[in-house]
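**Student:** There's a structure below that I have some questions on.
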Amino acid sequence: MTAATGRDPRYDVLFEPVRLGPVTTRNRFYQVPHCNGMGYRDPSAVARLRGIKAEGGWGVVCTEQAEIHHTSEITPFIELRIWDEADLPALARTTAAIHEHGALAGIELAYNGMNGPNLMSREVPLGPSHLPIATFTADPVQARAMDKTDIANLRRWHRNAALRARDVGFDIIYVYAAHGFSIFQHFLSRRANTRSDEYGGSLKNRVRLLREVIEDTVEAVGATSAVAVRLAVDEMIGPAGIHKAEAEEVIGLLADLPDLWDLTLSGWENDSRTSRFAGEGAEEAFVTGLKQLTSKPVVGVGRFTSPDAMVRQVTKGVLDLIGCARPSIADPFLPNKIAEGRLDDIRECIGCNMCVSGDMTMSPIRCTQNPTMGEEWRRGWHPERIAPKANDARVLVVGAGPAGLEAARALGLRGHDVTLAEATRDLGGRVHREARLPGLAAWGRVRDYRVGQIDKLANIAVFRESRLTADDVLGFGVSHVVLATGSHWRRDGVARFHLEPMAFSEGVEILTPDDLMAGRLPMGEAVTLYDDDHYYMGSVLAERLVAAGKRVTFVTPASEVANWTQATLEQGHIQRRLLELGVEIITARAVSGAGGGEVETICTYTARPRRHAADALLLVTARLPDDALYHALMAAHADWPTAGITNITRIGDALAPATIAAAVYAGHRFARELGTEPVIDTPPFLREVAALAD
Ligand code: ADP
Ligand code: SF4
Numbered sequence: 016m017t018a019a020t021g022r023d024p025r026y027d028v029l030f031e032p033v034r035l036g037p038v039t040t041r042n043r044f045y046q047v048p049h050c051n052g053m054g055y056r057d058p059s060a061v062a063r064l065r066g067i068k069a070e071g072g073w074g075v076v077c078t079e080q081a082e083i084h085h086t087s088e089i090t091p092f093i094e095l096r097i098w099d100e101a102d103l104p105a106l107a108r109t110t111a112a113i114h115e116h117g118a119l120a121g122i123e124l125a126y127n128g129m130n131g132p133n134l135m136s137r138e139v140p141l142g143p144s145h146l147p148i149a150t151f152t153a154d155p156v157q158a159r160a161m162d163k164t165d166i167a168n169l170r171r172w173h174r175n176a177a178l179r180a181r182d183v184g185f186d187i188i189y190v191y192a193a194h195g196f197s198i199f200q201h202f203l204s205r206r207a208n209t210r211s212d213e214y215g216g217s218l219k220n221r222v223r224l225l226r227e228v229i230e231d232t233v234e235a236v237g238a239t240s241a242v243a244v245r246l247a248v249d250e251m252i253g254p255a256g257i258h259k260a261e262a263e264e265v266i267g268l269l270a271d272l273p274d275l276w277d278l279t280l281s282g283w284e285n286d287s288r289t290s291r292f293a294g295e296g297a298e299e300a301f302v303t304g305l306k307q308l309t310s311k312p313v314v315g316v317g318r319f320t321s322p323d324a325m326v327r328q329v330t331k332g333v334l335d336l337i338g339c340a341r342p343s344i345a346d347p348f349l350p351n352k353i354a355e356g357r358l359d360d361i362r363e364c365i366g367c368n369m370c371v372s373g374d375m376t377m378s379p380i381r382c383t384q385n386p387t388m389g390e391e392w393r394r395g396w397h398p399e400r401i402a403p404k405a406n407d408a409r410v411l412v413v414g415a416g417p418a419g420l421e422a423a424r425a426l427g428l429r430g431h432d433v434t435l436a437e438a439t440r441d442l443g444g445r446v447h448r449e450a451r452l453p454g455l456a457a458w459g460r461v462r463d464y465r466v467g468q469i470d471k472l473a474n475i476a477v478f479r480e481s482r483l484t485a486d487d488v489l490g491f492g493v494s495h496v497v498l499a500t501g502s503h504w505r506r507d508g509v510a511r512f513h514l515e516p517m518a519f520s521e522g523v524e525i526l527t528p529d530d531l532m533a534g535r536l537p538m539g540e541a542v543t544l545y546d547d548d549h550y551y552m553g554s555v556l557a558e559r560l561v562a563a564g565k566r567v568t569f570v571t572p573a574s575e576v577a578n579w580t581q582a583t584l585e586q587g588h589i590q591r592r593l594l595e596l597g598v599e600i601i602t603a604r605a606v607s608g609a610g611g612g613e614v615e616t617i618c619t620y621t622a623r624p625r626r627h628a629a630d631a632l633l634l635v636t637a638r639l640p641d642d643a644l645y646h647a648l649m650a651a652h653a654d655w656p657t658a659g660i661t662n663i664t665r666i667g668d669a670l671a672p673a674t675i676a677a678a679v680y681a682g683h684r685f686a687r688e689l690g691t692e693p694v695i696d697t698p699p700f701l702r703e704v705a706a707l708a709d
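Just so you know, we're using the numbering used here here: the sequence shown kicks off at 16 and counts up by one.
Here it is, written out as structure tokens:
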């Protein structure tokens with residue numbers, strides 16, 4: 016949006032080409048492999064997504080994992096497959112989309128070994144040893160220990176897949192040994208590999224299979240494609256797991272065999288920590304010094320959104336290539352914006368892992384910051400381009416939370432005259448409030464990016480401290496009104512367990528998250544926090560209460576704290592943090608009453624009651640839309656024509672409370688669709704329906 020001022024010479028180093036074996040990347044911006052929940056099911060959507068990254072300036076754009084053989088697949092998760100020729104047309108679409116914009120295409124070949132339950136193929140999984148499958152879902156399946164024939168087969172399968180990948184146009188072909196998702200890591204791991212033959216025991220033996228497969232791959236495709244190794248350098252479980260000293264030995268043994276080293280933390284929940292648990296560049300300590308063990312380029316990640324931080328990685332000799340997954344999701348045009356000197360147009364990743372939840376729920380990727388993510392093909396949404404307005408509608412947006420801010424921004428970009436009215440002094444709505452809670456500061460970027468963009472658009476007028484009534488709205492003289500007035504937390508215990516309101520007696524102070532966010536803390540010391548929301552809010556407020564010196568008892572009807580954060584890879588981090596903070600955790604129980612200095616809970620299986628002492632009860636339950644203004648305007652429907660109003664729409668939490676990502680998406684969608692005929696009887700998006708076999 017800003018006029019191009021040209022690149023700051025400080026960032027020149029990021030735009031240097033880097034040689035990767037037989038190929039050369041045009042710059043150091045490297046989109047590392049990342050999942051998207053679309054994979055083999057949505058091939059055109061994936062191709063478009065990757066093509067847009069290339070258009071946005073990334074030098075390398077990689078696929079997510081591509082399963083190389085039907086004997087190792089991770090159903091129900093949806094990744095890519097390169098099992099045989101049948102998979103190639105879909106992959107060719109992706110390489111073509113990437114090449115069209117001058118980037119190199121990389122593919123992460125994967126054989127998941129003891130991480131693949133093979134629920135679809137029903138083959139017996141293979142691993143270094145006889146061990147249970149290590150999936151998120153603890154499938155009742157074991158991998159069997161491979162014999163020499165299995166090893167020979169695996170090497171051939173990997174080689175064949177590499178040849179197919181080369182033939183379909185991939186410039187970089189991975190040997191994947193990371194995230195706990197790959198058989199080559201399982202062989203490296205002293206814990207998983209208990210073999211007594213030449214593939215087990217000493218590190219030299221445990222590296223053998225990885226070495227052989229790298230050699231096979233280089234021999235097969237190395238003349239035209241770079242061979243990358245993605246290596247887990249630390250499993251973060253101490254010396255029992257792969258750790259830095261061991262990774263140093265592995266790299267020392269293999270040094271210059273591959274064309275590129277891609278260094279990661281393992282498992283995925285450590286590699287993709289949210290901003291609540293790790294800041295930008297948090298992997299640096301784990302990879303520093305590893306580059307010095309090889310003459311080949313090294314790529315690593317760190318949720319890099321700042322070009323200065325990126326430059327430091329290169330000048331300090333930590334990394335050669337700046338690996339990004341999430342920053343490239345939040346802003347596919349990050350490299351171009353740096354190239355054009357448009358740093359304040361960068362849409363910085365907030366580190367929430369909503370993107371990861373797409374993969375974990377097998378649904379198309381979504382991003383809190385970038386509402387077009389996953390919608391590039393099926394809705395034709397481009398992250399940087401939006402159609403000019405279809406008519407001259409003037410729009411009043413009420414409420415400057417994520418939904419209202421995004422609606423105003425995108426409507427403004429289309430050229431509409433927009434008025435944005437916000438009741439409070441602060442823009443950002445729930446994001447403004449939540450960003451002040453422990454660990455959530457980066458979430459303020461949802462507000463900051465939008466406010467920054469809105470400030471640049473002369474056709475958007477922003478009014479703060481303007482709580483509008485129905486009469487105010489009727490007096491505005493606009494044709495379209497968007498109500499993005501948000502929601503509030505319930506005070507009656509209704510959520511998933513209780514669908515009927517609870518009655519509370521005197522003697523226990525009742526609070527909601529809104530009270531805490533408004534600065535009100537419980538008066539007493541003993542606080543029971545009842546979390547029937549199961550996302551982040553309960554645990555974040557538990558941290559807040561502990562910081563305020565309260566004794567916190569965390570009650571949840573689920574069998575673990577913050578259950579849904581499995582989908583954001585945070586659950587283990589959250590439960591550990593609460594335990595370390597001394598929070599008492601009570602699972603599989605629901606609060607059933609409070610009064611007289613006690614809270615009653617019942618077992619979710621037997622309904623057996625129990626009481627414990629409490630001064631206060633914090634209810635993190637459901638929310639209700641703040642839709643009073645909407646209903647007042649509906650009641651005044653007869654006055655709309657005189658007021659010139661044709662349309663009043665609720666969006667975001669004011670329609671139905673959900674995630675911040677959903678609110679941003681709702682605002683964006685409204686702006687995109689203004690002036691078009693609504694499609695409601697058929698899907699308003701493209702989809703690919705499997706072709707029937709003969
Ligand atoms: P969402 O997530 O849907 O964007 P939020 O709760 O974050 O919702 O934001 C709603 C915003 O709307 C809040 O900043 C709130 O102060 C503002 N708001 C609510 N009612 C009114 C009103 N009548 N006039 C102006 N602003 C309002
Ligand atoms: Fe970043 Fe969140 Fe978007 Fe993922 S969903 S890219 S973590 S802002």
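Note that the Cβ used here is the ideal one computed from N, Cα and C, for glycine as well. Predicted model only: the values in this text are computed from it and were never measured.
#1: Work out the CA separation of T303 and L124 for me, nearest whole Å.
#2: Measure how close the beta-carbons of R445 and I675 come, nearest whole angstrom, since I'm counting them as under 8 Å.
#3: Per DSSP, F478 forms a beta bridge with which residues?
#4: Let me check you understand the geometry: is the CB of A499 closer than 6 Å to at least one non-hydrogen atom of the ligand ADP?
#5: Would you check whether the ligand ADP has a heavy atom nearer than 6 Å to the C-beta of P417?
#6: State the Cα-Cα distance for the pair T309 and D271, rounded to the nearest angstrom.
#7: In terms of residues, what are the limits of the beta strand (DSSP E) holding F44?
#8: Kindly give me the distance between the Cβ atoms of E284 and L584, rounded to whole angstroms, as I take these residues to be in contact under 8 Å.
#9: May I ask which residues mark the beginning and end of the beta strand (DSSP E) holding N662?
#10: As an exercise, report each continuous alpha helix (DSSP H) stretch of at least 4 residues that is fully enclosed by the stretch 206-279, in chain order.
#11: Is D668 a contact residue of the ligand ADP, with contact defined as CB to any heavy atom under 6 Å?
#12: Nearest to A243 by alpha carbon, out of S290, L218, G315?
#13: To which residues of the same chain is L472 closer than 6 Å at the C-beta, ignoring the five residues directly before and after it?
#14: Just verifying my parser: in three-state terms, what is the DSSP assignment at E284?
#15: Cβ of N368 within 6 Å of any heavy atom in the ligand SF4?
#16: What does the alpha-carbon distance come out to for the pair E540 and A671?
#17: Please classify D641 as buried or exposed, where buried requires at least 16 neighbouring CB atoms within 10 angstroms.
#18: Is it right to say V704 is buried, meaning 16 or more other beta carbons lie within 10 angstroms of its own, or is it exposed?
#19: Identify the residues that DSSP records as bridge partners of S502: which are they?
#20: For V326, tell me which candidate among I257, P24, V694 has the shortest Cα-Cα distance.
#21: Using a 10 Å radius around the Cβ and a threshold of 16 neighbouring Cβ atoms, would you call S144 buried or exposed?
#22: Is the stretch 130-147 close to the stretch 100-113, with three or more CB pairs under 8 Å?
#23: Pick helix, strand or coil for Y126, following the three-state DSSP scheme.
#24: Buried or exposed for E298, please, with buried defined as at least 16 other CB atoms from any protein chain shown within 10 angstroms of its CB.
#25: Grab me the residues of G267's own chain with a C-beta within less than 6 Å of its C-beta, minus the 5 sequence neighbours each way, in chain order.
#26: If you measure between the beta carbons of R559 and P453, is that distance less than 7 Å?
#27: How would you write the range of the beta strand (DSSP E) that H627 sits in, first residue to last?
#28: Is A345 near the ligand SF4, going by C-beta to nearest heavy atom under 6 Å?
#29: Taking 8 Å as the limit between beta carbons, can you name the residues of its chain near Q157, skipping five residues before and five after?
#30: Which class does P693 belong to by DSSP, given the choice of helix, strand or coil?
#31: Just to confirm before moving on: does the CB-CB distance between P312 and L275 stay below 7 Å?
#32: Tell me the start and end of each unbroken alpha helix (DSSP H) in the stretch 291-373 that is at least 4 residues and wholly inside, in chain order.
#33: In three-state terms, what does DSSP make of P58?
#34: Within this structure, are the beta carbons of A118 and G71 separated by less than 7 Å?
#35: Report the option in M161, Q468, E88 whose CA atom is closest to the CA atom of N130.
#36: Quick check on the burial criterion: 16 or more other C-beta atoms within 10 angstroms. Buried or exposed for K404?
**Tutor:** Short version:
#1: 26 Å
#2: 7 Å
#3: A436
#4: yes
#5: yes
#6: 6 Å
#7: 44-46
#8: 4 Å
#9: 662-665
#10: 218-236, 259-269
#11: yes
#12: G315
#13: G427
#14: helix
#15: yes
#16: 34 Å
#17: buried
#18: exposed
#19: P640
#20: P24
#21: buried
#22: no
#23: coil
#24: buried
#25: L308
#26: yes
#27: 624-628
#28: yes
#29: P140, H145, L146, P147, I148
#30: coil
#31: yes
#32: 299-302, 322-330, 341-345, 349-354
#33: helix
#34: no
#35: E88
#36: buried
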